[in-house]
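Participant:
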Amino acid sequence: MTRLGVIGLGDMGGAIAEGVLAGKWDDEVIVIGYDISEEALTRFTELGGTPAGSVRELARQVDVVAVVVIDDAQVRQVCSGDDGAIAGAAESGALVAVHSTVLPATVIELAAEAAAVGVTVIDAPVTGGTASARNRDLVVFCGGDEAHTEQGRPHFERYGGMVVNVGPLGAGLQAKVARNLISYAEFAVAYEAIALAAAAGVDLEAFAEIVSYSDRNIGPHMGVFSRPIAYPPPAFGGSFTRIAHKDLGGALALGEELGVDLPITALVDQHIDAAFGE
Numbered sequence: 000m001t002r003l004g005v006i007g008l009g010d011m012g013g014a015i016a017e018g019v020l021a022g023k024w025d026d027e028v029i030v031i032g033y034d035i036s037e038e039a040l041t042r043f044t045e046l047g048g049t050p051a052g053s054v055r056e057l058a059r060q061v062d063v064v065a066v067v068v069i070d071d072a073q074v075r076q077v078c079s080g081d082d083g084a085i086a087g088a089a090e091s092g093a094l095v096a097v098h099s100t101v102l103p104a105t106v107i108e109l110a111a112e113a114a115a116v117g118v119t120v121i122d123a124p125v126t127g128g129t130a131s132a133r134n135r136d137l138v139v140f141c142g143g144d145e146a147h148t149e150q151g152r153p154h155f156e157r158y159g160g161m162v163v164n165v166g167p168l169g170a171g172l173q174a175k176v177a178r179n180l181i182s183y184a185e186f187a188v189a190y191e192a193i194a195l196a197a198a199a200g201v202d203l204e205a206f207a208e209i210v211s212y213s214d215r216n217i218g219p220h221m222g223v224f225s226r227p228i229a230y231p232p233p234a235f236g237g238s239f240t241r242i243a244h245k246d247l248g249g250a251l252a253l254g255e256e257l258g259v260d261l262p263i264t265a266l267v268d269q270h271i272d273a274a275f276g277e
């Protein structure tokens with residue numbers, strides 16, 4: 000029997016619980032959930048989940064506590080104190096995994112508090128979004144002892160297609176910050192591209208189809224993560240930087256012609272040499 004506890008049944012926590020409850024498993028899987036929202040608890044119960052009356056009650060009944068709340072303050076609130084997850088885990092021996100994206104210092108402090116009562120807390124942020132959670136295909140990347148990642152792995156693999164340890168306690172959250180940086184930069188520069196295409200009179204639906212189709216093989220990650228990764232980056236060769244400046248210069252020239260401000264594109268043009276190891 001697998002006993003998983005999920006604290007926070009909002010967008011991500013609810014999707015994690017939904018995915019696990021919908022899965023077909025060889026063993027019996029019990030998912031116990033807690034949320035301050037009655038609506039979220041009702042939805043969770045209708046999916047087949049078992050609601051808990053408190054965080055401590057949840058933690059004392061499970062093998063792994065998945066903390067999926069919004070911010071540092073909420074993580075501290077649900078983990079600490081007489082009614083918190085750490086107190087409950089001290090009774091059950093549960094591993095407490097913080098999936099929320101918070102400061103590494105928050106998890107490190109909670110881990111020290113937990114260790115005093117024989118409980119293990121690790122950072123285990125996730126990426127992939129709610130669709131991946133429902134499809135049980137999240138990436139779960141953990142900080143802390145490898146043994147603790149392995150302790151949680153059978154549970155994490157109920158909702159994660161990839162589970163990996165990336166370093167000591169706090170390293171998972173540091174990796175999450177770096178991973179998010181890529182996504183947010185892409186998002187911002189994509190909207191500069193849309194603004195430029197719109198100003199030029201390009202059919203935006205067709206433009207979206209072009210980008211989606213071509214990104215399967217030449218997306219912005221491919222040139223970096225499809226080859227051995229190192230820092231500083233290996234030299235790609237001068238032709239890459241020349242072509243990059245040509246393409247970026249063309250975008251900036253078109254933006255100037257059309258009156259479209261492209262500040263992120265300008266920054267990329269300034270720093271692209273370093274990205275290509277030049």
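In numbering that gives the first Met the number 0, the protein residues as written are 0 to 277. All C-beta atoms in this analysis are idealised placements derived from N, C-alpha and C, irrespective of residue type, glycine included.
#1: Using 8 Å as the threshold, is the stretch 83-98 in touch with the stretch 16-27, meaning 3 or more CB pairs across them?
#2: How about the stretch 257-267 and the stretch 180-200: do they share at least three Cβ pairs that are nearer than 8 Å?
#3: Given a cut-off of 8 Å, decide if VAL118 and VAL97 are closer than it, judged by their beta-carbon atoms.
#4: Can you list, in chain order, the residues of its chain with a C-beta nearer than 8 Å to that of ILE69? Leave out the 5 residues immediately preceding and following it.
#5: Three Cβ pairs or more, each shorter than 8 Å: is that satisfied between the stretch 9-19 and the stretch 127-135?
#6: Report back the beta-carbon spacing between VAL162 and GLU156 to the nearest angstrom; my notes put them in contact at under 8 Å.
#7: Measure the C-alpha to C-alpha separation of GLY47 and GLU37 and round it to an integer number of angstroms.
#8: Do the CB positions of THR126 and ARG178 come within less than 8 Å of each other?
#9: CA-CA distance, ALA111 and ALA234?
#10: Mind pulling the beta strand (DSSP E) runs of 3 or more residues that sit fully within the stretch 124-189?
#11: Any idea if PRO124 is buried or exposed, counting beta-carbon neighbours within 10 angstroms, 16 or more meaning buried?
#12: Name the two residues that bound the continuous alpha helix (DSSP H) containing GLY87.
#13: Work out the CA separation of LEU253 and ALA72 for me, nearest whole Å.
#14: What are the boundary residues of the beta strand (DSSP E) that includes ARG2?
#15: If we call anything under 8 Å between Cβ atoms a contact, is VAL63 one with GLY159?
#16: Measure the alpha-carbon distance for PHE140 versus GLY248 and round it to whole angstroms.
#17: Using alpha carbons as the reference points, say which of VAL5, GLY218, LYS175, PRO231 lies closest to PHE275.
#18: Determine the closest residue to GLU256 out of ILE31, ALA196, PHE206, with distance taken between C-alpha atoms.
#19: Rounded to whole angstroms, what's the CA-CA distance from ALA88 to TYR183? Just pull it up for me.
#20: By DSSP, does VAL116 sit in helix, in strand, or in coil?
#21: Which residues mark the beginning and the end of the beta strand (DSSP E) in which ILE31 is found?
#22: Here's a check: name, in chain order, each residue in its chain whose Cβ is nearer than 7 Å to the Cβ of ASP272, leaving out the five neighbours to either side.
#23: Could you tell me the distance, in whole angstroms, from the CA atom of TYR212 to the CA atom of ILE242?
#24: Span of the beta strand (DSSP E) holding LEU94?
#25: Skipping 5 residues on each side, what residues in its chain have a beta carbon closer than 7 Å to that of ASP136?
#26: Between LEU40, VAL28, GLU17, which lies nearest to THR1 when the distance is taken from Cα to Cα?
#27: Taking ALA113 as the reference, which of PRO103, GLY92, PRO167 has the closest Cα?
Facilitator: Once the coordinates are examined:
#1: No, they do not touch.
#2: Verdict: yes, contact present.
#3: Note that the C-beta distance between VAL97 and VAL118 is not below 8 Å.
#4: So the qualifying residues of the chain are GLY7, GLY9, SER99.
#5: As far as the Cβ criterion goes, the stretch 9-19 touches the stretch 127-135, which means the pair count is three or higher.
#6: Sure, about 6 Å apart at Cβ, within 8 Å.
#7: If I take the Cα positions, the gap works out to 15 Å.
#8: Going by beta carbons, THR126 and ARG178 fall inside the 8 Å limit.
#9: If you take the alpha carbons of ALA111 and ALA234, they lie about 43 Å apart.
#10: Listed in chain order, the beta strand (DSSP E) elements of length 3 or more contained wholly in the stretch 124-189 are 137-142, 159-166.
#11: It counts as buried.
#12: For GLY87, the enclosing alpha helix (DSSP H) covers residues 84-91.
#13: One C-alpha to the other measures close to 46 Å.
#14: Secondary structure note for ARG2: its beta strand (DSSP E) is the uninterrupted segment 1-6.
#15: No, they are not a contact pair.
#16: Spanning the alpha carbons of PHE140 and GLY248 requires a straight line of approximately 38 Å.
#17: Cα-wise, what sits closest to PHE275 is PRO231.
#18: Sorting ILE31, ALA196, PHE206 by C-alpha distance to the C-alpha of GLU256 places ALA196 at the top.
#19: Looking at the two C-alpha atoms, the distance is approximately 36 Å.
#20: DSSP places VAL116 in the coil class of the three-state scheme, outside both helix and strand.
#21: That run of the beta strand (DSSP E) goes 28-33.
#22: Counting only Cβ-Cβ distances below 7 Å, and skipping sequence neighbours, we find THR240.
#23: One alpha carbon belongs to TYR212, the other to ILE242, and they sit about 22 Å apart.
#24: Bounds of the beta strand (DSSP E) holding LEU94 are 94-97.
#25: The residues GLY127, GLY160, in chain order, have a CB closer than 7 Å to that of ASP136 in the same chain once the five nearest residues on each side in sequence are set aside.
#26: If we check each option's Cα against that of THR1, VAL28 comes out closest.
#27: Among PRO103, GLY92, PRO167, the Cα nearest to that of ALA113 is on GLY92.
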